[in-house]
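Undergrad: These protein sequence lines are chains Z and L, in that order. With UniProt numbering as the guide, the letters of the first sequence map in order to residues 1 to 209. With UniProt numbering as the guide, the letters of the second sequence map in order to residues 1 to 209.
Protein chains: 2
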Amino acid sequence: MTQQARAVRTRRSILEAAASVFEELGYEGTSTTEILTRSGLTRGALYHHFSGKRAIADALVQLQEEALVLPDHPVRLQALVDLTMMYAERLRSDVVLRAVVRLTVERGSYQTGANYRGAMVAASTLLSQALERGELLPTVDPDELAFLLQGVFTGSQILSQAANGRADLPQRISGMWRMMLPSIVRPRLLPEIDIDPDRGGKLLGLLSP
Amino acid sequence: MTQQARAVRTRRSILEAAASVFEELGYEGTSTTEILTRSGLTRGALYHHFSGKRAIADALVQLQEEALVLPDHPVRLQALVDLTMMYAERLRSDVVLRAVVRLTVERGSYQTGANYRGAMVAASTLLSQALERGELLPTVDPDELAFLLQGVFTGSQILSQAANGRADLPQRISGMWRMMLPSIVRPRLLPEIDIDPDRGGKLLGLLSP
Numbered sequence: 001m002t003q004q005a006r007a008v009r010t011r012r013s014i015l016e017a018a019a020s021v022f023e024e025l026g027y028e029g030t031s032t033t034e035i036l037t038r039s040g041l042t043r044g045a046l047y048h049h050f051s052g053k054r055a056i057a058d059a060l061v062q063l064q065e066e067a068l069v070l071p072d073h074p075v076r077l078q079a080l081v082d083l084t085m086m087y088a089e090r091l092r093s094d095v096v097l098r099a100v101v102r103l104t105v106e107r108g109s110y111q112t113g114a115n116y117r118g119a120m121v122a123a124s125t126l127l128s129q130a131l132e133r134g135e136l137l138p139t140v141d142p143d144e145l146a147f148l149l150q151g152v153f154t155g156s157q158i159l160s161q162a163a164n165g166r167a168d169l170p171q172r173i174s175g176m177w178r179m180m181l182p183s184i185v186r187p188r189l190l191p192e193i194d195i196d197p198d199r200g201g202k203l204l205g206l207l208s209p
Numbered sequence: 001m002t003q004q005a006r007a008v009r010t011r012r013s014i015l016e017a018a019a020s021v022f023e024e025l026g027y028e029g030t031s032t033t034e035i036l037t038r039s040g041l042t043r044g045a046l047y048h049h050f051s052g053k054r055a056i057a058d059a060l061v062q063l064q065e066e067a068l069v070l071p072d073h074p075v076r077l078q079a080l081v082d083l084t085m086m087y088a089e090r091l092r093s094d095v096v097l098r099a100v101v102r103l104t105v106e107r108g109s110y111q112t113g114a115n116y117r118g119a120m121v122a123a124s125t126l127l128s129q130a131l132e133r134g135e136l137l138p139t140v141d142p143d144e145l146a147f148l149l150q151g152v153f154t155g156s157q158i159l160s161q162a163a164n165g166r167a168d169l170p171q172r173i174s175g176m177w178r179m180m181l182p183s184i185v186r187p188r189l190l191p192e193i194d195i196d197p198d199r200g201g202k203l204l205g206l207l208s209p
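1) Only counting runs of 4 or more residues, tell me where the alpha helix (DSSP H) segments fall wholly within the region 98-182 of chain Z, in order along the chain.
2) What does L/Ile-158 reach in chain Z if we use C-beta pairs closer than 7 Å?
3) Would you mind telling me which residues of chain L sit closer than 8 Å to Z/Ser-93, beta carbon to beta carbon, in chain order?
4) For L/Met-86 versus L/Ile-173, is the C-beta spacing smaller than 8 Å?
5) Throw me the rounded Cβ distance for the Z/Leu-186 and Z/Glu-135 pair, which I believe falls under 8 Å.
6) So L/Ile-158 and L/Val-96 are supposed to be a Cβ contact under 8 Å. How far apart are they, rounded?
7) Considering Z/Arg-90, what are the terminal residues of the alpha helix (DSSP H) in which it resides?
8) Between Z/Ala-130, Z/Asp-143, Z/Glu-16, which lies nearest to Z/Asp-94 when the distance is taken from Cα to Cα?
9) Output, in chain order, the set of chain Z residues within a Cβ distance shorter than 9 Å of L/Met-15.
10) Spatial neighbours of L/Phe-50 within its chain, please: C-beta separation below 8 Å, excluding the five flanking residues on both sides.
11) Alpha carbon to alpha carbon, how far is L/Glu-65 from L/Gly-118? Give it in angstroms, no decimals.
12) My output table needs one value for Z/Val-185: the three-state DSSP class, helix, strand or coil.
13) Output the distance between the C-alpha atoms of L/Leu-70 and Z/Leu-169, rounded to the nearest integer angstrom.
14) What does the Cβ neighbour count give for L/Arg-199, buried or exposed, with the cut at 16 atoms within 10 Å?
15) Going by DSSP in three states, L/Ser-20 sits in which element: helix, strand or coil?
16) For Z/Ile-193, name the three-state secondary structure that DSSP assigns.
17) Just confirm the distance between the C-beta atoms of L/Leu-77 and L/Ile-193, as a whole number of angstroms; I'd bet it's less than 8 Å.
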C-alpha cells in the first residue's frame, strides 16, 4: 500500500470511529481520547489529519453534504419522495449520517445550520421544478412546503428514534406522504406517486426490487 | 410570611433558576452550582428540596405535565388546533416549557419519554373525539395522525429555534394546519377552523382578542 493510500485509510478510520462516538455521546460528550480508543490509532496520527474535535465534526458534516445527491426521476415530486425515503433508510444504516443528524439537532457548543440548509435547498429546488411542470396544486408555496416537510422529517426521526431506535422510520415517512399528498399534488398524479415504505431500501439496493 | 410560604417560594426560585440553566446549557452542561448562582440560594436550601440535578429536572417535567390542559372547544379539532397554537406561543414566553422541551429532545444521560407521551395521548384523545363526532374524514387514523402532528410540531420548533429563536413559530404552526387540514377535515367544516397565527396569544390573554 502506498503512503497516500495509507493516509486515506487512516483518515477514514478516524472519521468512522468519530461518527460512532458523536452518535452515541453527542458533541459535548465526545473526546478525542474516546475516538482514539475506538479507532486504535495514535494521537499523532489523529492530529496529523485533524486539528481537533471540531475539525473532525466539520469533516463529517462535509462528507454528509457531499453524499446528498438529488434522485433523478422525471416526476420531480417522486424525486423528492425518493430523497426522503432513501434518507430514512440511510439513517438506519449509515452511522455518519446519524452522527451529523445528532450534531445538527442538538444545541451545544458545536453549532452549524449547514445540514438544515442543504436539505432545505434540495427540497425547495425539487418542489419549484414540480410546480413549474404542473405536478403540484397552484396554491403550493415551494419554500413554505420545503420547511414544513423538513419539520415533519426532523420531528418524525426524533420521535421514531426515541420510540424504537428508528425501526419504524420508513413507515412514518410513508405515512407523512400519504397524509400530505392530497394537499399538494394534482389529483390526476396522485395514484402515480409511489410512497411504499420499502422504496428507500430498494433504491439504495438494500432490498430486492 | 409563614415557614410554609417561604418553603414554597424557595422551591419555586430553584425551579425557575434551573429552567433557565437547563434551557441554555442542556442537561449535561447544567450543574447545581450554576443553579445556585442564578437563584442566589444556599446549597443547603437546594438539597432541602431536591436530592440533586435529576430530581430538579423531574420536577420541571412534572410541572410541565400538570400545565397541559385540553382546551374546551365544542369542535374537537379546533380544540387540538388551539392546543398547538397555545403551545407554540408558550414556547416563546415560558422558560419551564422551553427547558423541558430541550430535556426531551436531546439524547443524553437524562432520558424521559414523558413529555412525548403526554402530548401524544392528548392529541390522540382529541382526534378520536373529532372522528366520533364526524368532524374528520373517515380515512383518518387518530393515532397515526397524532404521531405525524407531533412530528411536525417537534421538527418545526427545532427549525424555528435554529433559524430565529422561535420568532416565527406561530406562523409555522399555522402553515402546518393550512397544509394538513384539507387531508383531515370534512370539507364543510374546513372554513370554520380558525388557524390564525395570533390565536394562541389571544387564547392565553397575551394579545387582545
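Just so it is clear, CB atoms sit at the ideal spot from N, CA and C, and this is done for glycine as well.
TA: Taking the definition as stated:
1) 114-132, 142-164
2) Val-105, Thr-154
3) Result: empty, since nearest Cβ-Cβ is about 19 Å, beyond 8 Å.
4) no
5) Residue identity differs from the one stated: residue 186 of chain Z is Arg in this sequence, not Leu. 6 Å between Cβ atoms; contact.
6) At roughly 18 Å, the Cβ-Cβ gap does not stay under 8 Å, so L/Ile-158 and L/Val-96 are not in contact.
7) 76-93
8) Z/Asp-94 has its Cα closest to that of Z/Glu-16, out of Z/Ala-130, Z/Asp-143, Z/Glu-16.
9) The sequence as given places Leu at residue 15 of chain L; Met does not occur at that position. Per Cβ cutoff of 9 Å: no residues; L/Leu-15 is ~21 Å from chain Z at best.
10) Ile-14, Ile-56, Ala-59
11) 7 Å
12) strand
13) 29 Å
14) buried
15) helix
16) coil
17) 6 Å
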